[in-house]
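A.B. asks: What follows is a single structure, and I will ask about it in a moment.
In this note's numbering, the protein residues as written are 558 to 723.
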């Protein structure tokens, strides 16, 4: 974990962030025939993949951890950051939405590294979007929803979600 320096603010960490060296983990191609109106997934659009990659870097900078850290360590760092924010020992950047997105992207990438899941654009569901899909395409999770729940109820939500999937 990278520790705080004097004058180290969450805004500065997010502003100075760069995409990690590791590539964005992508879901395997949708293997079944696409049926009209049925859920399926597609690759994330190239221009959105760049934004996703930068958001992962912002998440790493925000929680002060290196991308090479073990997935469980990254999840623990995100959960600790969330708990520190809730306890007012740490603050979110001025753009709280950007911070939540960065944490969600980092969490999704971490799921990919730990479980072999990958990012995909899920379509034809009640809530389509860019989500993380299991290797066989049977399971999907929305990292942003998990992060929002953790910010509302505590880092244990994130730890429990990660443990359930693992």
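Beta carbons are placed, not taken as given, at the ideal position from N, Cα and C, and that holds for glycine.
Take every Cβ of the segment 705 to 715, pair it with every Cβ of the segment 641 to 661, and state whether three or more of those distances are shorter than 8 Å.
C.D. replies: The segment 705 to 715, when compared against the segment 641 to 661, does touch it at the 8 Å Cβ threshold.
A.B. asks: Checking 8 Å against the spacing of the C-beta atoms, do residue 672 and residue 723 come in under that value?
C.D. replies: Yes; because the gap between Cβ atoms is below 8 Å, this pair is in contact.
A.B. asks: Based on Cα-Cα distance, which residue from 606, 667, 600 lies nearest to residue 617?
C.D. replies: The shortest Cα separation from residue 617 among 606, 667, 600 belongs to 667.
A.B. asks: On the CB-based measure, 16 or more other CB atoms within 10 Å of its CB, does residue 675 come out buried or exposed?
C.D. replies: Result: buried.
A.B. asks: Among the residues of its own chain, which have a CB less than 7 Å from the CB of residue 624, if the five just before and after it don't count?
C.D. replies: Correct list, in chain order: 577, 578, 579, 617.
A.B. asks: Could I get the ranges of all uninterrupted alpha helix (DSSP H) runs contained in the segment 576 to 625, with 4 residues as the minimum, in chain order?
C.D. replies: Counting whole runs of 4 or more residues, the segment 576 to 625 contains the alpha helix (DSSP H) stretches 603 to 620.
A.B. asks: Closest by CA to residue 575, which one among 601, 602, 615, 607?
C.D. replies: Taking only the C-alpha atoms, the option nearest residue 575 is 615.
A.B. asks: If you draw a straight line from the alpha carbon of residue 636 to that of residue 719, how long is it in whole angstroms?
C.D. replies: One C-alpha to the other measures close to 11 Å.
A.B. asks: Counting Cβ pairs, one atom from each stretch, are 3 or more of them under 8 Å apart for the segment 581 to 588 and the segment 687 to 694?
C.D. replies: Short answer: they touch.
A.B. asks: Once DSSP output is grouped into helix, strand and coil, what is the label at residue 688?
C.D. replies: In this structure, residue 688 counts as strand in the three-state DSSP scheme.
A.B. asks: Would you kindly work out how many angstroms separate the C-alpha atoms of residue 679 and residue 669, rounded to a whole number?
C.D. replies: Rounded to whole angstroms, residue 679 to residue 669 spans 16 Å at the Cα level.
A.B. asks: Below 8 Å on the Cβ atoms is my contact criterion, and I expect residue 715 with residue 632 to pass it. Report the Cβ-Cβ distance as a whole number of Å.
C.D. replies: Correct: roughly 6 Å between the Cβ atoms.
A.B. asks: Closest by CA to residue 634, which one among 605, 677, 620, 647?
C.D. replies: If we check each option's Cα against that of residue 634, 620 comes out closest.
A.B. asks: Could you give the distance in angstroms between the alpha-carbon of residue 598 and the alpha-carbon of residue 677?
C.D. replies: C-alpha separation (whole angstroms): 6 Å.
A.B. asks: In whole angstroms, what is the alpha-carbon distance linking residue 603 and residue 566?
C.D. replies: Going from the Cα of residue 603 to the Cα of residue 566 covers about 31 Å.
A.B. asks: So, for residue 606: in the same chain, excluding its five sequence neighbours on each side, which residues have a beta-carbon less than 7 Å away from its beta-carbon?
C.D. replies: Closer than 7 Å at the Cβ level, and outside the excluded window around residue 606, lie 581.
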